[in-house]
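Chemist: There's a structure below that I have some questions on.
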Amino acid sequence: LRYRRQRGARPEHPHTLNGSGLALPRTLIAVLENYQQPDGSVVVPEALRPYMGGAEAITP
């Protein structure tokens, strides 16, 4: 999602509040369904690791 403050201005990314820019529950469910391991842990996808403090997995 990008917008311009005025014509000819550089596109910017708007800030969102509480994940309002995407369907957060659906996104979280997709990650859990695709990355959950048999022991109940969830492998953090590489693209999300920088936002998770470098964590490689979430364990129960």
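Read the sequence shown against my numbering and you will find it ends at 61, with the numbers running on by one and no gaps.
By construction, the Cβ of each residue, glycine as well, lies at the ideal position given by its N, Cα and C atoms.
This one's a predicted model, so the numbers in the text were calculated from it and none came from an experiment.
(1) Straight-line CA distance for Leu25 to Arg3?
(2) To which residues does DSSP link Glu13 through a beta bridge?
(3) Suppose contacts are defined by Cβ-Cβ distances below 8 Å. Is Val43 in contact with Tyr36 by that definition?
(4) Can you determine whether any heavy atom of the ligand FAD sits closer than 7 Å to the C-beta of Val45, and answer yes or no?
Modeler: Based on what the coordinates show:
(1) 19 Å
(2) Tyr4
(3) In contact: Val43 and Tyr36 (Cβ atoms closer than 8 Å).
(4) What this structure holds is no ligand at all, so the ligand FAD is not there to describe.
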